[in-house]
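Enquirer:
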Amino acid sequence: MEFPKLRPRRLRRNENIRRLVRETRLTLDDLIYPIFVRHGENTVEEVPSMPGVFRYSVDKVADAVKEVRDLGIPAVILFGITEHKDEVGSDTWSDEGIIQRALRVIKKEVPDVYVITDVCFCEYTTHGHCGVLCGDTVCNDETLENLKKQVVSHAQNGADMVAPSGMMDGMVQAIRSALDSAGFKDIPIMAYSAKFASAFYGPFRDAAESAPSFGDRRSYQMDPANAREALKEVFLDVQEGADIVMVKPALAYLDIIHRVKQMTLLPVCAYNVSGEYAMIKAGGRLGWIDEKKVMIETLLSMKRAGADMIITYFAKDVAKMINSGEI
Ligand code: PBG
Numbered sequence: 028m029e030f031p032k033l034r035p036r037r038l039r040r041n042e043n044i045r046r047l048v049r050e051t052r053l054t055l056d057d058l059i060y061p062i063f064v065r066h067g068e069n070t071v072e073e074v075p076s077m078p079g080v081f082r083y084s085v086d087k088v089a090d091a092v093k094e095v096r097d098l099g100i101p102a103v104i105l106f107g108i109t110e111h112k113d114e115v116g117s118d119t120w121s122d123e124g125i126i127q128r129a130l131r132v133i134k135k136e137v138p139d140v141y142v143i144t145d146v147c148f149c150e151y152t153t154h155g156h157c158g159v160l161c162g163d164t165v166c167n168d169e170t171l172e173n174l175k176k177q178v179v180s181h182a183q184n185g186a187d188m189v190a191p192s193g194m195m196d197g198m199v200q201a202i203r204s205a206l207d208s209a210g211f212k213d214i215p216i217m218a219y220s221a222k223f224a225s226a227f228y229g230p231f232r233d234a235a236e237s238a239p240s241f242g243d244r245r246s247y248q249m250d251p252a253n254a255r256e257a258l259k260e261v262f263l264d265v266q267e268g269a270d271i272v273m274v275k276p277a278l279a280y281l282d283i284i285h286r287v288k289q290m291t292l293l294p295v296c297a298y299n300v301s302g303e304y305a306m307i308k309a310g311g312r313l314g315w316i317d318e319k320k321v322m323i324e325t326l327l328s329m330k331r332a333g334a335d336m337i338i339t340y341f342a343k344d345v346a347k348m349i350n351s352g353e354i
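Quick note on this note's numbering: the sequence shown kicks off at 28 and runs consecutively.
Here you go:
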C-alpha cells in the first residue's frame with residue numbers, strides 16, 4: 028500500500044490520538060535532582076550561571092530535599108562545596124566532611140528520598156583535579172585508595188547509592204570491593220562510565236568551585252570525538268560490577284546513549300549537565316526560545332535515545348508540569 032491510501036497524518040489529527048500513539052514519555056520516575064551543599068550556615072544562594080539552582084548550607088539542605096520529595100521526585104544526587112580543601116581532598120572521607128554532614132541531616136529529616144552521592148575529588152582539592160596529583164596529572168592507583176575511603180564513609184553516613192565521576196581506571200572494581208568488605212554489599216554503584224571532557228560543565232564548575240587550577244581534564248575524561256571508546260568504558264564498568272551506567276553530557280552525546288543502551292542490559296542514566304541547562308535558561312530569558320517547550324523536547328530526546336533515568340537541574344520544573352497536567 029502507498030499514498031494516497033497511506034497517510035501517517037491520520038494519527039496526528041488531535042491530542043487524543045497523539046496521546047495514544049506517543050512512544051516516549053517523561054515521568055516523575057525518570058528524574059534525579061542534583062543538589063549543591065555548601066559550607067557555612069543559613070545560606071541559600073543562587074548560582075549565577077544556573078538560574079533557579081541554589082547552593083544550600085547544611086542547615087538548609089533538608090528543606091531543599093523536602094521540596095523535591097513533595098514534588099514526587101524519587102532521588103537526589105549530592106555535590107559538596109567545602110572550605111577545607113587540601114592536596115588530596117581529605118574532606119571526602121572525613122566524618123565531618125560536607126557530604127557526610129548533609130547525609131546525616133537528610134537521612135534524619137527526609138528518610139524517604141533516595142540519596143545518591145557524587146564521588147570525586149575536584150571540589151575538595153586545592154588544585155581542582157579529580158584525585159591525587161603526580162606531577163601535572165592525576166595518579167590513578169593512589170586515587171583509587173582514596174576513593175575507597177570516600178565511598179565507605181558515604182555509605183556509613185547514609186548514602187543509598189554512590190556515583191563515581193572521576194574517570195579513574197578500575198574505580199568501579201575498587202569501590203565495589205571496598206563497599207563489600209565494609210559490609211555495604213547492597214549499596215549500588217552508578218558509574219559515570221562515558222564521561223567526556225566537555226565545555227558543557229562550565230556552569231557546574233562555577234557552582235561547585237571545582238575548576239582545575241591548571242591544565243584540563245583531558246588525561247582522564249574522554250575525548251568528545253570518540254564513540255567506540257565510550258562503549259569500551261561501559262563494557263569495563265559492567266565487568267567491574269557497575270549497577271547503572273551513565274553517559275555524560277547528554278545532549279551532544281545522544282548517539283552514545285543510544286549505542287550504550289543497545290549494548291548493555293543495565294539501566295542507563297543520562298546526565299543533562301549544567302551547560303545544557305544554562306543554554307536553555309539563557310535562551311528563554313532572552314525571549315529567543317520557549318524555555319519550557321525546549322526543556323521538554325530536550326529531555327524527551329534523551330529518553331528516546333534510551334535513557335532510563337535523567338539527572339537534570341530541570342527536575343523540579345518538569346515535575347511541576349507533570350503534576351499540573353501540563354504534560
Ligand atoms: C565531577 C563532576 C563534574 C560534573 C559532575 N561531577 C564536573 C567535572 O567533571 O568537571 C559536571 C556536572 C554538570 O556540568 O552539570 N565531580
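The beta carbon of each residue, even a glycine, is placed where N, CA and C say it ideally should be.
The structure presented is a predicted model; accordingly, all values stated were derived computationally and were not measured.
For P268, which residues in the same chain have their Cβ closer than 8 Å to its Cβ, ignoring the five residues on either side in sequence?
Expert: Checking the sequence shown, residue 268 turns out to be Gly, not Pro. The answer, listed in chain order, is V199, Q200, R203 and I216.
Enquirer: With a threshold of 7 Å, establish whether the CB of E150 neighbours any heavy atom of the ligand PBG.
Expert: E150 Cβ: within cutoff of the ligand PBG.
Enquirer: Checking the sheet assignment: what are the DSSP bridge partners for M65?
Expert: For clarity, residue 65 is Arg in the given sequence; the question names Met instead. DSSP output for R65 lists S84 and I108 as bridge partner(s).
Enquirer: What I want to know is whether the C-beta of Y247 ends up closer than 7 Å to one or more non-hydrogen atoms of the ligand PBG.
Expert: The answer is no for Y247.
Enquirer: Give the range of the beta strand (DSSP E) segment to which Y219 is assigned.
Expert: M217 to K222 is the extent of the beta strand (DSSP E) around Y219.
Enquirer: With DSSP run on the structure shown, which of helix, strand or coil describes A186?
Expert: A186: coil per DSSP, three-state reduction.
Enquirer: Short of 6 Å in beta carbon distance, which residues of its chain neighbour D335, apart from the five on each side in sequence? Order them along the chain.
Expert: The answer, listed in chain order, is P294 and V295.
Enquirer: Quick check on DSSP: helix, strand or coil for N173?
Expert: Here N173 sits in helix by DSSP.
Enquirer: What I want to know is whether the C-beta of S240 ends up closer than 7 Å to one or more non-hydrogen atoms of the ligand PBG.
Expert: No, since every heavy atom of the ligand PBG falls outside the 7 Å radius drawn around the Cβ of S240.
Enquirer: Look at the alpha carbon of L206 and the alpha carbon of D118, and state the distance between them as a whole number of angstroms.
Expert: Their backbone Cα atoms lie some 19 Å apart in a straight line.
Enquirer: Mind the definition here: the stretch 339-348 touches the stretch 47-66 only if three or more C-beta pairs lie below 8 Å; say whether that holds.
Expert: At 8 Å Cβ cutoff, the stretches touch.
Enquirer: Drop a sphere of 10 angstroms on the beta-carbon of V146, count the other beta-carbons inside from all chains shown, and report buried for 16 or more, exposed for fewer.
Expert: That one is buried.
Enquirer: What would DSSP say about D317, mapped onto helix, strand or coil?
Expert: Here D317 sits in coil by DSSP.
Enquirer: Would the beta-carbon of M329 fall within 8 Å of that of A252?
Expert: In this structure, A252 does not lie closer than 8 Å to M329 by Cβ.
Enquirer: Do I62 and L130 have their C-beta atoms within less than 8 Å of each other?
Expert: No, they are not a contact pair.
Enquirer: Any contact between the stretch 228-237 and the stretch 171-190? By contact I mean 3 or more CB pairs, one from each, below 8 Å.
Expert: The answer is no - the stretch 171-190 does not touch the stretch 228-237, with fewer than three Cβ pairs under 8 Å.
Enquirer: Using 10 angstroms around the beta-carbon of H154, count the other beta-carbons present and answer buried if the total reaches 16, otherwise exposed.
Expert: Per the 10 Å Cβ criterion, buried.
Enquirer: Once DSSP output is grouped into helix, strand and coil, what is the label at I133?
Expert: If DSSP states are grouped into helix, strand and coil, I133 belongs with the helices.
Enquirer: Mark D264 as exposed unless 16 or more other C-beta atoms lie within 10 angstroms of its C-beta, in which case mark it buried.
Expert: Buried: at least 16 other Cβ atoms inside 10 Å.
Enquirer: What's the C-alpha gap between R1 and D317?
Expert: Residue numbering for the chain in the displayed model covers 28 to 354; residue 1 lies beyond these limits and cannot be assessed.
Enquirer: Residues in its own chain within less than 6 Å of G310 by CB, not counting five upstream and five downstream?
Expert: For G310, where only same-chain residues beyond five positions count, the Cβ hits under 6 Å are I316.
Enquirer: Residue range of the beta strand (DSSP E) that I337 falls in?
Expert: Start and end: M336 to T339.
Enquirer: Name the residue from E29, Q177 and A257 whose alpha carbon lies nearest to the alpha carbon of D282.
Expert: Closest option to D282, Cα to Cα, is A257.
Enquirer: According to DSSP, simplified to helix, strand and coil, what is P78?
Expert: Looking at P78 - three-state DSSP - the assignment turns out to be strand.
Enquirer: My output table needs one value for L160: the three-state DSSP class, helix, strand or coil.
Expert: Strand at L160.
Enquirer: In chain order, what residues of the same chain have a beta carbon less than 8 Å from the beta carbon of S84, not counting five sequence neighbours either side?
Expert: If we look at S84 and ignore the five residues flanking it on each side, its Cβ neighbours are V64, R65, H66, G67, E68, N69, T70 and V71.
Enquirer: Under 8 Å, with one C-beta from each stretch per pair, do the stretch 124-140 and the stretch 167-175 reach the 3-pair mark?
Expert: Contact between the stretch 124-140 and the stretch 167-175 is absent, because fewer than three Cβ pairs lie under 8 Å.
Enquirer: Taking 8 Å as the cut-off, decide whether the C-beta atoms of K308 and M348 are in contact.
Expert: Cβ distance not < 8 Å, so K308 and M348 don't count as in contact.
Enquirer: Going by the DSSP bridge assignment, what does T54 pair with across the sheet?
Expert: DSSP, once it has assigned bridges, lists no residue as partnering T54.
Enquirer: Is V95 helix, strand or coil when you go by DSSP?
Expert: DSSP places V95 in helix when its eight states are reduced to three.
Enquirer: If you reduce the DSSP assignment to three classes, tell me which class V142 lands in.
Expert: It is a strand residue.
Enquirer: Which same chain residues end up closer than 7 Å to T291 when comparing Cβ atoms and leaving out the 5 residues on each side of it in sequence?
Expert: So the list reads V261, V265 and V272, once near-sequence residues are dropped.
Enquirer: State yes or no: is the beta carbon of L258 nearer than 8 Å to at least one beta carbon in chain C?
Expert: No chain C is present in this structure, which holds just one protein chain.
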